[in-house]
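Student: In the working numbering, the protein residues as written are 701 to 910.
Ideal Cβ positions, reconstructed from N, Cα and C, are used throughout, including at glycine.
Small disclaimer: the values here were computed from a predicted structure and weren't measured.
Below, the structure is given as structure tokens:
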């Protein structure tokens, strides 16, 4: 009999029996609960008991799906990364990219914060966030090359714009997701400011008396 076909003992004596789910559905339920739990307290401070309580299942059932807390955390991050790539795309920045990023962040704020805020502080998971940063920088550079001359300021803008955009989205989440219809335009203006700064020759600007 599969693990999902057995009725688990309740988390507490007063709890209702664990509802039977298909294995894939149970895994998604656990990942949803783990995302919420890790987003509240971080990886180190969150125990498997915390995740089990959040999911309303036993700790024993967690081990039927994940070998360890670290395995579960990486699965949470991998899922968040995969969903984000499906929403935003991975090889081009255009006028749809920032609205898509905001939509993905609003759909699952906990996962977005875990991926871009908390995982970067965890040495054991920096490989994932460093990989995201490197990919975003390469994509930005390719897309900016037609607007900014090759050189250090192109490299500067390619590094800064992905970071600025992500931090702008996180700040938007943290401030209650204000003005969602125009938030993408506001963030785009900040991005265009970086592009303009990288394009502008300060010496030429001074020669015009500015």
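Return the chain-ordered ranges of every alpha helix (DSSP H) run that is complete within the segment 860–908 and spans a minimum of 4 residues.
Tutor: List check, alpha helix (DSSP H) in window: 883–899, 902–907.
Student: Taking all protein chains shown into account, do 16 or more other C-beta atoms lie within 10 angstroms of the C-beta of residue 735, making it buried, or fewer, making it exposed?
Tutor: Answer is buried; the Cβ neighbour count reaches 16.
Student: Taking a contact to mean a Cβ-Cβ separation below 9 Å, would you say residue 776 touches residue 832 in this structure?
Tutor: No, the Cβ-Cβ distance between residue 776 and residue 832 is not below 9 Å.
Student: To which residues of the same chain is residue 805 closer than 8 Å at the C-beta, ignoring the five residues directly before and after it?
Tutor: Same-chain partners within the cutoff: 812, 869, 870, 872, 873.
Student: DSSP three-state label for residue 823, please.
Tutor: In the structure shown, residue 823 sits in a helix (DSSP, three-state: H, G or I).
Student: With a CB to CB cut of under 6 Å and the five nearest residues on each side skipped, what residues in its chain are close to residue 762?
Tutor: So the qualifying residues of the chain are 748, 752.
Student: Which stretch, first to last residue, makes up the alpha helix (DSSP H) that contains residue 780?
Tutor: Note, residue 780: alpha helix (DSSP H), 769–788.
Student: Report yes if the CB atom of residue 880 is closer than 9 Å to the CB atom of residue 802, and no otherwise.
Tutor: Yes, Cβ-Cβ distance for residue 880 and residue 802 is below 9 Å.
Student: Please determine, among 771, 765, 787, 891, the residue with the shortest C-alpha to C-alpha distance to residue 860.
Tutor: It is 891 whose Cα lies nearest to the Cα of residue 860.
Student: What whole-angstrom Cβ distance do residue 920 and residue 820 have, given they're in contact under 8 Å?
Tutor: There is no way to answer for residue 920, as the model of the chain reaches only from 701 to 910.
Student: Quick check: the segment 722–737 against the segment 790–799, are at least 3 beta-carbon pairs closer than 8 Å?
Tutor: With the cut-off at 8 Å, the segment 790–799 and the segment 722–737 do not touch.
Student: Along the chain, where does the alpha helix (DSSP H) that runs through residue 744 open and close?
Tutor: Looking at the DSSP string, the run of the alpha helix (DSSP H) that includes residue 744 is 723–745.
Student: Taking residue 792 as the reference, which of 817, 836, 783, 778 has the closest Cα?
Tutor: It is 836.
Student: So, under 8 Å CB-CB, residue 766 and residue 822 are touching, yes? Tell me the CB distance rounded to an integer number of Å.
Tutor: Residue 766 to residue 822, Cβ: 17 Å. No contact.
Student: Measuring straight from C-alpha to C-alpha, what distance separates residue 733 and residue 783?
Tutor: Whole-angstrom Cα-Cα distance: 17 Å.
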